[in-house]
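Residue numbers (my numbering): 3 to 254.
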């Protein structure tokens, strides 16, 4: 099996990169059968974004801060671990951001697309699902759309639901909703088209983030699953993403 390694800028990830390349070699990403990513979840998201063209599977090892999408780090027996690894298929979200100046910016997100107020002014957001207005005005700090893979991340911290990895659902979750105060969000089918329109975007400026890629001063954001983009994450047996999602729901 031909392996290529990639690592975040963290010192522990760079040190692991040197040791693993010395031990197993590195054929480069173009010739690799699998990409081994060293770092945390942020680096994994960057690595997945680079795989949108070649769709090569990615096996992560934790050498960063948060490692929900990563396997445990060990230098021994890597080819055997890769041969036994269990695949998990994920689909990213595609988001199209329209800025107040009229620019259109398109990005992909594997965890979530989130809108957040940029100033002390609360955000006011209109929510449309498949062209139908579902909420004329959400007064809040922000709102997000999360995938099953990302439902245990920022979405869960904002009290959104945890979604099984194979559920083909999306979580629409408010962030510190002020009005309506009791609204806790919605679970949507994975084919839903979500449009979030910023009310008074000049006065109440809002940014949009596709995972860790931010667009400032948005007027409207459209979000839907990119069904044509199928990527594969590899996990050690017993540590696959579906098992981690179940365990997370019983963590106290």
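Glycine included, C-beta positions come from ideal geometry on N, C-alpha and C.
Annotation: residue 200 to residue 214 spans about 20 Å, alpha carbon to alpha carbon. When C-beta atoms of the segment 115-125 are compared with those of the segment 188-207, three or more pairs fall below 8 Å, so the two segments count as touching. Among the bridge pairs identified by DSSP, residue 98 is matched with 108, 224. Listed in chain order, the non-local C-beta contacts of residue 222 below 6 Å within the same chain comprise 100, 199, local neighbours out to five positions each way being set aside. Take the alpha-carbon of residue 57 and the one of residue 234: they are about 7 Å apart. Judged by DSSP in its simplified three-state form, residue 85 adopts helix. Residue 163: not part of any beta strand (DSSP E); DSSP gives it neither H nor E. Sequence-distant partners of residue 162 (beyond 5 residues in either direction) whose C-beta falls short of 7 Å from its own C-beta, in its chain, are 148, 153, 173, 175, 187. Looking at the backbone, the Cα of residue 143 and that of residue 92 are separated by about 28 Å. With contacts defined by Cβ atoms closer than 8 Å, residue 94 and residue 228 form a contacting pair. Annotated three-state conformation of residue 205 is coil, per DSSP. When the beta-carbon positions are compared, residue 4 and residue 38 stay at least 8 Å from each other. Note that the C-beta distance between residue 42 and residue 64 is below 8 Å. The shortest CA-to-CA distance from residue 21 to any of 54, 34, 40 is the one to 40. DSSP, reduced to helix, strand and coil, places residue 252 outside both helices and strands of the structure shown, so it counts as coil.
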